[in-house]
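Everything below concerns the one structure shown next.
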Amino acid sequence: MREDALKPAMLNDPKLKVVDVGGGTGFCTLGVVAAGIPPENITLMDQSPHQLAKAKAKPALKGVTILEGDAEDLPFPTDTFDRYVSAGSIEYWPEPQRGIREAYRVVKEGGLACMIGPVHPTHPVSRFFADAWMLFPKEEEYIEWFTKAGFTDVKMTRIGPKWYRGVRRHGLIMGCSVTGIKPKAGDSPLVMGPKAEVSGKANTNPFTFLLRLLLGTAAGFYYFVLPIYMYVKNLVWPKNWEM
248 MREDALKPAM LNDPKLKVVD VGGGTGFCTL GVVAAGIPPE NITLMDQSPH QLAKAKAKPA
308 LKGVTILEGD AEDLPFPTDT FDRYVSAGSI EYWPEPQRGI REAYRVVKEG GLACMIGPVH
368 PTHPVSRFFA DAWMLFPKEE EYIEWFTKAG FTDVKMTRIG PKWYRGVRRH GLIMGCSVTG
428 IKPKAGDSPL VMGPKAEVSG KANTNPFTFL LRLLLGTAAG FYYFVLPIYM YVKNLVWPKN
488 WEM
């Protein structure tokens, strides 16, 4: 499924210079390498030193430039990369629009940005857990963020296991891959104010902690059972529904 998610990124030339933002342990970066991009042409960036340590330990990522940094304030000059990819990271960003604006800035003219992430569900139970858990953008929000940042030819591809058919029909969570082309060199036309300060103070309220623990446990069980249900349903009652 990683290969399918990265197809829209058009990693079709080994000379491409690629950045993987929010790359964590390097799972997506391994897909970039598998697509034929040499490690020395790839930069992996994440905020977590712990995650990056795991990425550095992977033999297949030897030669990849691995940096610690903020997706909403990238430490790269404007017009640096041919491709920008980010997978499973946007749902943790405080300001997704700011991060996508940064994606536009660091990509070269004619370059492409590819954002892989979850889509907000419409089913009430899935929506409850999604809203309590983290950010799950709507399909139209992805398109709006890319368009506002200045990207053109913005496209969305729904992704997921082949047996996860009809997921949108039932209003459940699915993944998507959104791409956009940078039409001209330079910074994004979108003007934004200063980046908001994020408080590092942890919430020590025991009631809040217990509530989050219970919600997290329930959500984990729900999202564990749901794919099993979809898989069995596809075996017993296959339908030609789109993703």
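When you line the sequence shown up against my numbering, it's residues 248 to 490, in that order.
Idealized CB from N, CA, C, for every residue including glycine.
As the structure is a computational prediction, the values presented were derived from the model and not from experiment.
For residue 276, the enclosing alpha helix (DSSP H) has its first and last residue at 274 to 281. Secondary structure note for residue 393: its alpha helix (DSSP H) is the uninterrupted segment 386 to 396. Taken in chain order, the whole beta strand (DSSP E) runs of length 3 or more contained in the stretch 307 to 343 are 312 to 315, 328 to 334. In this structure, the CA atom of residue 458 is about 35 Å from the CA atom of residue 348. For residue 299, the uninterrupted alpha helix (DSSP H) run begins and ends at 296 to 303, by DSSP. The criterion of a C-beta distance shorter than 9 Å is not satisfied by residue 308 and residue 278. Per DSSP, the unbroken alpha helix (DSSP H) holding residue 252 starts and ends at 249 to 253. When beta bridges are read from the DSSP output, residue 360 appears opposite 331, 427.
Setting aside the 5 residues that flank it on each side, residue 323 is surrounded in the same chain by 353, each with a C-beta closer than 6 Å to its C-beta; the list follows chain order. When Cβ pairs closer than 8 Å are counted between the two stretches, the stretch 293 to 309 is seen not to touch the stretch 359 to 366, the count staying below three. Shown here, residue 406 sits in a strand according to DSSP, grouped into three states. Just measuring C-alpha positions, the residue of 297, 360, 423, 295 sitting nearest residue 387 is 423. Contact check for residue 260 against residue 291 fails: the beta carbons are separated by 9 Å or more. DSSP places residue 289 inside the beta strand (DSSP E), whose first and last residues are 289 to 293. In the three-state DSSP reduction, residue 353 falls in the helix class (H, G or I). Close CB contacts of residue 272 within its chain, under the 7 Å cut and outside five residues either way in sequence, are with 298, 301, 302 (chain order).
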